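Beneath this line is the structure, given in structure tokens, with notes to follow.
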Amino acid sequence: MNSLKSKFGKRLRELRRSAKLTQEQLAEIVNIEPPNISKIECGMHFPQPDKIEKIASALNVEVKELFDFEHFQKKQDLIKVINI
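In the working numbering, the protein residues as written are 10 to 93.
Dropping the structure here:
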């Protein structure tokens with residue numbers, strides 16, 4: 010899971026669930042087809058910049074929070090950071 014699309018998708022799923030929205034609800038707010046949300050969350054597609062802004066707004070987060078992947082690091086990598 011090291012590609013940007015995969016990390017973004019995982020983060021989107023995490024934030025969407027936290028906001029208690031279904032893929033269909035988010036798709037309607039962002040004005041895209043529901044299957045596209047699934048494809049983004051699976052790392053198959055990456056949204057256009059204007060859609061990224063709408064997604065952030067729908068989830069009530071700043072755009073930069075959609076790209077906060079630090080907590081996805083492998084356990085061993087986190088241990089190295091802690092021990093430094």
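Backbone N, C-alpha and C define an ideal beta-carbon position, used for all residues, glycine too. Every value quoted in this text rests on a predicted model; they were computed, and no experiment measured them.
Query: In this structure, how does DSSP classify Q34 when only helix, strand and coil are distinguished?; Result: helix
Query: Quick one: measure Cβ to Cβ for R25 and L35, integer angstroms, because I've assumed they're closer than 8 Å.; Result: 6 Å
Query: Mapping the DSSP letters down to three states, classify N40 as helix, strand or coil.; Result: coil
Query: Grab me the residues of V72's own chain with a C-beta within less than 8 Å of its C-beta, minus the 5 sequence neighbours each way, in chain order.; Result: I61, E62, A65
Query: Our contact map puts F22 next to E50 with C-beta atoms below 8 Å; I'd like the distance itself, whole angstroms only.; Result: Note on identity: in this sequence residue 22 is Arg, with Phe being the wrong assignment. Contact holds; Cβ gap of about 5 Å.
Query: What do you reckon, are the CB atoms on Q57 and S47 nearer than 7 Å?; Result: no
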